[in-house]
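What follows is a short report on a single structure.
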Amino acid sequence: MSQPWIRRSAATSSGSSSIGGTGYNLFGNGSLDGVNSFHLDFPLVNRNFYNNVFVPQPSTKPPVKLLPHANRRSTLNNLIPDCDNFFFNGTDVESSLTSLVDNSSLKDSFQPSSVSHVVDNSSDSLHQEITLQDVIANGQLFDFALDRYGVKFLEIHYPQEAKDDLHKLVFGQLTESITLFNGLCHNSNGNFIVQKLVEYASIEEQKVLLMKMIEGGLLEMCKDKFACRVIQLSIQKFDRPNVTQLVHAISNFDFVAMCTDQTSIHVVQRIVKHLPVDLWRFFVDFLYTGDNLMSVCRDKYGCRLVQQVIDKLSENPKSPCFNWRIQLLHTLMSCVVRNCFRLSSNEFANYVVQYVTKSSGVMEMYRDMIIEKCLLRNLLSMSQDKYASHVIEGAFIFAPQSLLAEMMNEIFDGYVKDQSHRDALDILLFHQYGNYVVQQMITICTSALMGKEERQLTPSDLGMYAAWYEKIRSRVQHHSARLERFSSGKKIIDSLMKLPPVGSPASTKYSSSFLDFSSQLDSMFPSFLSSSFMC
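What the sequence shown shows, in full-length UniProt numbering, is residues 1 to 535, in sequence order.
Quick look at the structure:
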């Protein structure tokens, strides 16, 4: 929200993340020193494991030299490192993972090996010699998938053509086990190769991925900062039948929790942004039901989501499906209007009401509805609220001429004076939030009288603006001595001095005297300040 009236003072989804260090020294002669295999002892399927700090520990198993497939020997121990060789952990990932899963004390855990030194960008000559077939033949596919540099290697070399045999082999190995697939999705590095699987999956492969997501815990994936990327890309890439099934599974979750979570809300936003409205109609029905709209809008993430829903439903009025979308929009907006007063007074929900009041096109009818049914007759109380005062300021700016006149007249003459003989304008002039509303009223009047108003104004309209301006000016003059004690009061006085005198050079300094300023105003608008406009 860029408008200056929205906020007066200060009160996240994709991206590359990585873990771990290499633990290796590459000397000037290109040799690798201290090349040991490492393991990270952490549970792969623990949703919060990426919050922990892991320290690599040396393994007792010596490294294994990667040789051409035809020359491999069953035993390759005690090899001396040199610059021409690649070194792997040498662990059979499938067997080690299986044994760990079977172990009750280490269930759902496995140990990825570090292969950064093999595919580190600093070793271009080494990088060019290794192939994806070598990685698979050595059982290092999961090691690479969990490594910072290894996953980049897999992303680059992953076959994009679904009919490719190597594509099928890699896809099959990475999706063979739900536990392993789920672990990759939740891993800071592994999620990137899963995204590649999603991006280039055939229709049948999409079905396999969908099954793995649902069986592996779809809700947990939506709430995980790495796995949610996989879900978001699936929403974009899956064909209509598969994405329909995916969205249907998501629709069964607790949407208040999803819409107020800083991670899972990205999944809902992706659904709203990229899918046809008929696939997420259930979400509009959810917002309309009970107090769900208020629960979502009160959240700093949820309030933005509701604005996106409104924007999506109101866009492109010439679309063939707009008549159907306008029905959903009316359902949602009737709920917004019904809860307008509560929404306006909330720290985050007030942005939803502001969004509606500043909208144009088909949304203008709902803007007028909010002003008529919610704001009018409540201007004084809402102008004194920390958050609702922002809504009132926006309403003054974007209200149509007829409703603007009603709002101005309510502030000037719509309230009975209190016991101290103060009317609404007196109260707002000295209120910590209400004074901003008065400043906005002054700005509106001066902009119109200086010809800066975008809409076309008739002489009669200009007469009204001049009359409103004079009422505020005379009241400020009456309280000038007291107003000058406060910074807000000084701003109000300064804003009144922005109206330039006619016939004077632009560099002429204005007199600070209210009597002189009054005479300047009379010379500018003698016909507007007749008794027919003044009270």
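Virtual Cβ for every residue (Gly too), placed ideally from N, Cα, C.
Note that the coordinates shown come from a computational prediction; the quantities given were computed from them, not determined experimentally.
| query | result |
| --- | --- |
| Nearest CA to the CA of A388: which residue from C374, P400, F398 and L197? | C374 |
| Scan the stretch 278-311 and note each continuous beta strand (DSSP E) run of 3 residues or more that stays entirely inside, going in chain order. | none |
| Measure the alpha-carbon distance for D443 versus I310 and round it to whole angstroms. | Per the sequence shown, the amino acid found at residue 443 is Thr instead of Asp. Going from the Cα of T443 to the Cα of I310 covers about 29 Å. |
| Taking a contact to mean a Cβ-Cβ separation below 7 Å, would you say V194 touches C185 in this structure? | yes |
| Beta carbon of I411, beta carbon of L425: below 7 Å? | yes |
| For H431 and L233, I'd like the C-alpha separation in whole angstroms. | 50 Å |
| My guess is that Q269 and F238 are in contact by the Cβ rule of under 8 Å, so how many angstroms apart are they, rounded? | Q269 to F238, Cβ: 17 Å. No contact. |
| Say whether chain B places a C-beta atom closer than 7 Å to the C-beta of V170. | Although the question refers to chain B, the structure presented lacks it and comprises just one protein chain. |
| Could you spell out the range, first to last residue, of the alpha helix (DSSP H) harbouring N242? | R240 to I250 |
| Express the C-alpha separation of P276 and P317 in angstroms, rounding to a whole number. | 15 Å |
| With F142 as the anchor, note down where its alpha helix (DSSP H) starts and where it stops. | L141 to A145 |
| Please return the same chain residues whose Cβ sits closer than 7 Å to the Cβ of E129, not counting the five positions on each side in sequence. | none |
| Rounded to the nearest angstrom, what separates I492 and D413 at their Cα positions? | 20 Å |
| Roughly how many whole angstroms lie between the Cα atoms of K490 and Q419? | 27 Å |
| Please confirm whether C222 and S188 have their CB atoms less than 7 Å apart. | no |
| Would a C-beta distance cut-off of 7 Å place L293 and L313 closer than the cut-off? | no |
| Rounded to whole angstroms, what is the Cα-Cα separation between K471 and V296? | 42 Å |
| Given a cut-off of 7 Å, decide if V247 and L279 are closer than it, judged by their beta-carbon atoms. | yes |
| Indicate the three-state DSSP secondary structure (helix, strand or coil) for E315 in the structure shown. | coil |
| Are the CB atoms of T357 and A395 nearer to each other than 7 Å? | yes |
| Using the three-state DSSP reduction, which class does A481 fall into: helix, strand or coil? | helix |
| State the CB to CB distance for the pair V267 and T331, rounded to an integer number of angstroms; the pair is presumed to be in contact (CB under 8 Å). | No, V267 and T331 are not in contact; Cβ-Cβ is about 23 Å, not under 8 Å. |
| According to the Cβ coordinates, are L343 and V337 closer than 7 Å? | no |
| Note down the Cα distance separating A405 from L483, rounded to an integer number of angstroms. | 26 Å |
| Quick check on DSSP: helix, strand or coil for Q232? | helix |
| What is the DSSP secondary structure of D368, reduced to helix, strand or coil? | helix |
| Leaving aside the five residues before and after M441 along the sequence, list all residues of the same chain whose C-beta is less than 8 Å from its C-beta, in chain order. | F396, M408, I411, W468 and I472 |
| Below 7 Å CB to CB, which residues in the same chain sit around Q401 once its five sequence neighbours on both sides are set aside? | D461 |
| Consult DSSP for R325 and reduce its assignment to one of helix, strand or coil. | helix |
| Quick one: is I371 buried, meaning 16 or more other Cβ sit within 10 Å of its Cβ, or exposed? | buried |
| Report the CB separation of D423 from Y415 in whole angstroms; it is logged as a contact under 8 Å. | 6 Å |
| Put E129 into one of helix, strand or coil per three-state DSSP. | helix |
| In three-state terms, what does DSSP make of E204? | helix |
| Compute the Euclidean distance between the alpha carbons of Q245 and I178, then round it to the nearest angstrom. | 19 Å |
| CB-CB under 7 Å to D368, same chain, minus the five flanking residues each way: which ones, in chain order? | P400 and L403 |
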